[in-house]
Amino acid sequence: MGVILDSTILIDVLNGDEAATAKIRELEAKNDGLFTTQINVFEIIQGVYCYGKGVDEELAAFHLLLEKIKILDLNYLSAYYSGKLAGELKKRGITIPQGDLLIAGIGISNNLNRVVTKNEKDFSKIPGIKVETY
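Numbering-wise, the sequence shown is residues 85 to 218 according to our numbering.
In structure tokens, the structure reads:
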């Protein structure tokens with residue numbers, strides 16, 4: 085069993101947020117596999133280069149954090165699930181940011197349906213995804 089760590093928790097851990105760090109420790113204690121996606125890696129690196137004050141230090145801290153997290157790839161199957169989710173939701177009038185749909189599709193294609201995030205608003209609308217906050 086495992087859980088996808090969304091960008092919000094990764095950013096909060098990097099910023100020293102105690103609740104985010106405690107959530108990671110809780111998941112590790114339960115032996116939950118820690119996963120994130122290529123989409124989240126992109127979002128965080130983009131943020132470091134756009135908003136970071138010490139790019140080299142922030143990237144080093146991020147790479148250190150990633151040592152205990154498996155990064156899941158966007159591939160054909162995950163793109164298929166993401167597109168299916170996007171189409172079905174849009175048909176019902178529900179719009180969700182593309183990045184979140186890609187993250188969900190990657191999770192579903194890897195049999196992971198739990199996402200730890202502060203972005204409950206968007207992820208809670210995605211069928212098959214269980215949101216955990218911190």
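Glycine residues also receive a C-beta, built at the ideal position from the N, C-alpha and C atoms.
Three-way DSSP call (helix, strand, coil) for residue i in this model
i           : result
residue 86  : strand
residue 109 : helix
residue 186 : helix
residue 217 : coil
Cβ-based neighbour list, residue i, same chain, cut-off 8 Å, excluding 5 preceding and 5 following
i           : result
residue 179 : 173
residue 97  : 104, 105, 108, 149
Under 7 Å between C-beta atoms of residue i and residue j
i           : j           : result
residue 94  : residue 128 : yes
residue 187 : residue 212 : no
residue 189 : residue 208 : no
Distance, residue j Cα to residue i Cα
i           : j           : result
residue 115 : residue 105 : 15 Å
residue 157 : residue 218 : 25 Å
Residues near residue i in its chain [Cβ-Cβ closer than 6 Å; skip 5 each side]
i           : result
residue 154 : 119
Own chain partners of residue i with C-beta closer than 7 Å, once the 5 adjacent residues on each side are dropped
i           : result
residue 206 : 180, 181, 184
residue 136 : 142
Going along the chain, which unbroken runs of the alpha helix (DSSP H) with 4 or more residues stay wholly within the segment 159-211? 160-175, 182-193, 204-207
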